[in-house]
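For reference, the structure is listed below as structure tokens.
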Amino acid sequence: MKRSLFIALLIVLTINIYSVTRLDNLKLELNSAHGLKRVLILDELQRSYWKIYPQASLEFGIKALRTSSDIKNKLQQAQQLQNIAESYKYLDNYDKAIEFMSMSLDTAKEINNLDLQIAAFYYLATYHNYIGENVKAFKYAVQALDLSKEHKNHPGLAKCHFIIAEIYYALGDLKGAYQNFEQSLVQHENFNNKSSFALTNEKLGEIDLHNKNFQFAEQHYKTAAENYDAIDNLESLVRTYEALGSIYKETGKKEKAYEYIQKFADTNEKLNQEINNNKILFNYEYYNIIGNEDRALAYFKQYTEQQDSLKSVLAQEHVETIISDIEIKHELEKAETTKEITKITKKAVEQIEEKEQTIELLKEESDQQQRIANLENDEKRRQIENLKEEREDNNRKIIQQEKEKRTTRLFMIAIVIVAILVLVIAIVFISKFRMKQKHTIELEKIAKTDPLTQLPNRRAVLENIDYEIIRFRRNAEPFTLVISDIDDFKKVNDTYGHDAGDKVLVSLSKLMTKTIRKQDICARWGGEEFLFLLPGTDHKGGEIISEKIREKIESSAIKYEDDSLQITMTFGLCTFSDELTIDECITRADKALYEGKRIGKNNIVQYYKLK
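Reading the sequence shown from the start, the letters are residues 821 to 1431 in the numbering used here.
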């Protein structure tokens, strides 16, 4: 064990010296570098100093940003803004980190670099989550997730699901956290990142352990431990071994529990040794960076002395054994002398006892004489003692009464304090519970609302359709689905621009929402398509409502800047029945819509009439 620790320390020292030499070489190269090469060297220096010396990392990042601006390289500007934000994160200045990451996002949008946009959204989500702004964090995470899905960025998907899971976990929604951790795990399997794969398994194991689901917790923690061991992540291994020991202890597997508790202890010892060495190496690197060679040399000597101490451990143990033997011999010699001393002491004690007996006899004689002399004063003493006792009894009663009063007062004060504390705790708990409920409702609303039109999205309307199917099965109450599409919407975008298209979508959404009944739902189905759910409505009623909406749209004009846009829509209807699944019903409404488009647009087509 000691020998392996020594070898590990030697390897760390070699790597560290190489790292410092590499940084010195980069600084020398920087003196003669220009343009993009200078930016790349500054970038590498900044990343190298993130954890060692964040302030130096920040200075390198600012220089890299200036050089990127000088050569007008927008891609590098966006990247350096992200690096500066990370430097501020390591300095615990999250306000500045958010400011620079937002600037990076704007630059990435300007050059339409999707990878940098995904990274910026993700980092903003992590920053806001760290400072407790869960709703903002969730919004950024969802935006990163949408971009990652759209462009099939598997690492981005994995990271986004992970941070969304972290947000749910912070809000106490373990079910939502578990689902997103699982989705993150699926994405991690598509690329070889053992660290992230292990961490996600550990998080799943943590939730399983909390829910007493020991079988799955064991599987996740074992997978995490294997991957942490493969990358030599001792700190995380300590956590997973401790958790596995707890699982086996809870499930009564004592031998397994002992095995992992022993692994935990051994790994923790190794980790503490590594942390101690890292502290010394950190100080060596820090003083080397700031140019204090004397202090740097002192820490380097301390490090080499630790190595020498490892070599001398066995020799020290041998010396301790020799010292122990000498002490035993010394004790034996002392024992012989002690016997003689004991004899002398015994005689001295006997003489002292004789003297004490003589003194006791003299004391008894003196006491007898004193008692005779004091007989005359006994009566007076008794009277005085009686008075004293009466006075002391009265004082004791008064003191006892005062104590009882004080105890009663303190008890009443304690009751009042406890009541106030209980009330304060209850108010705080209720306040936190309501805040958590509010955050959960806001997150649900964000997840089920189309951000442009503020209409329910596809997910929300499908949940309402499921509810209508239950009502249909129970009460045979019909409902109709209507899919509508804006006629010639592409021409609007091509002629007037996408802002005009957005204006049309928002205006039509408001118009249709006002036109339908209270129980009806108008949802954005995708692009320029909308889906209407009409509860308690057969095909005739559906056609009447659709015609009302169609006429309202046809007779209205949408103003955009100096233009007045005349918009029409085509509608396809299908009424749900026992013989259909909901997917078949939606498909039929869609077919009716396309038939309406084919025969001239701005009309209503029932699916059953197609037959």
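Using N, Cα and C, we set each Cβ at its ideal position, and we do this for glycine too.
Exclusion of the five residues before and after D1049 leaves L1057 as the residues of its chain whose Cβ lies within less than 8 angstroms of its Cβ.
Per the Cβ contact rule, the stretch 888 to 897 is not in contact with the stretch 872 to 880 (fewer than 3 Cβ pairs under 8 angstroms).
Non-local C-beta neighbours of T946 in its own chain, meaning closer than 7 angstroms and more than five positions away in sequence, comprise I983, ordered along the chain. Per the Cβ contact rule, the stretch 1337 to 1347 is in contact with the stretch 1271 to 1278 (3 or more Cβ pairs under 8 angstroms).
Inclusion of Y1041 and T1060 in the CB contact set at 8 angstroms is warranted, their separation being smaller than that value.
Distances from the alpha-carbon of T1333 to those of I904, R1293, P1276 and T1357 put P1276 closest.
One thing to note: I1306 has its Cβ within 8 angstroms of the Cβ of M1389. Under the rule that a run must span 4 or more residues, the alpha helix (DSSP H) segments found entirely inside the stretch 1348 to 1425 read 1359 to 1374 and 1402 to 1418.
By the C-beta criterion, the stretch 1254 to 1271 is judged not to be in contact with the stretch 1375 to 1392, since fewer than 3 inter-stretch pairs fall below 8 angstroms. With contacts defined by Cβ atoms closer than 8 angstroms, I1051 and S1016 do not form a contacting pair. Per DSSP, I1247 has no beta-bridge partner at all. Counting only the Cα atoms, N1047 lies some 30 angstroms from D863.
Contact annotation: the stretch 1411 to 1425 does not touch the stretch 1321 to 1330, with fewer than three C-beta pairs closer than 8 angstroms.
Between the C-alpha atoms of Q1093 and E1055 there is a straight-line separation of about 12 angstroms.
Annotated three-state conformation of A1044 is helix, per DSSP.
Per the coordinates, the alpha-carbon of I1365 lies some 18 angstroms from the alpha-carbon of K1429. Ranked by Cα distance from E1022, the options A917, G976, A1044 and D915 are led by A1044.
Each residue's CA atom was taken as its position, placing I1289 and V955 some 33 angstroms apart. Judged by DSSP secondary structure, R1278 falls within the alpha helix (DSSP H) whose first and last residues are R1278 to N1295.
Per DSSP, the unbroken beta strand (DSSP E) holding T1300 starts and ends at F1299 to I1306. At the C-beta level, I1387 and I1285 stay beyond 8 angstroms of one another. Between the alpha carbons of D1410 and L1393 lies a gap of roughly 8 angstroms.
For I931, there is no enclosing beta strand (DSSP E), as DSSP marks it with neither H nor E. For R1278, the closest alpha carbon among the candidates H1008, L1241 and E1349 is that of E1349. Under the DSSP definition of a beta bridge, T1269 partners with P1276. Nearest neighbour of G1416 by Cα position, chosen from L1230, F1352 and I1303, turns out to be I1303. Collapsing the DSSP output to three states places A945 in a helix. By the criterion of a C-beta distance shorter than 7 angstroms, E986 is surrounded in its chain by N949, once the five residues flanking it on both sides are discounted. Taking the Cβ atoms as the reference, L994 lies roughly 5 angstroms from I1027, within the contact range of under 8 angstroms. The beta carbon of A898 sits closer than 6 angstroms to those of S924, T927, A928 and L936, all from its chain and outside the five residues before and after it, given in chain order.
Here DSSP, grouped into helix, strand and coil, assigns I891 to coil. The DSSP-derived three-state label of I1237 is helix. DSSP places G1072 in the coil class of the three-state scheme, outside both helix and strand. Taking the Cβ atoms as the reference, Y910 lies roughly 4 angstroms from P874, within the contact range of under 8 angstroms. Residue environment analysis places F1249 among the exposed positions, since fewer than 16 neighbouring C-beta atoms fall within 10 angstroms of its C-beta. With a contact defined as Cβ atoms closer than 8 angstroms, W870 and S907 qualify at about 7 angstroms.
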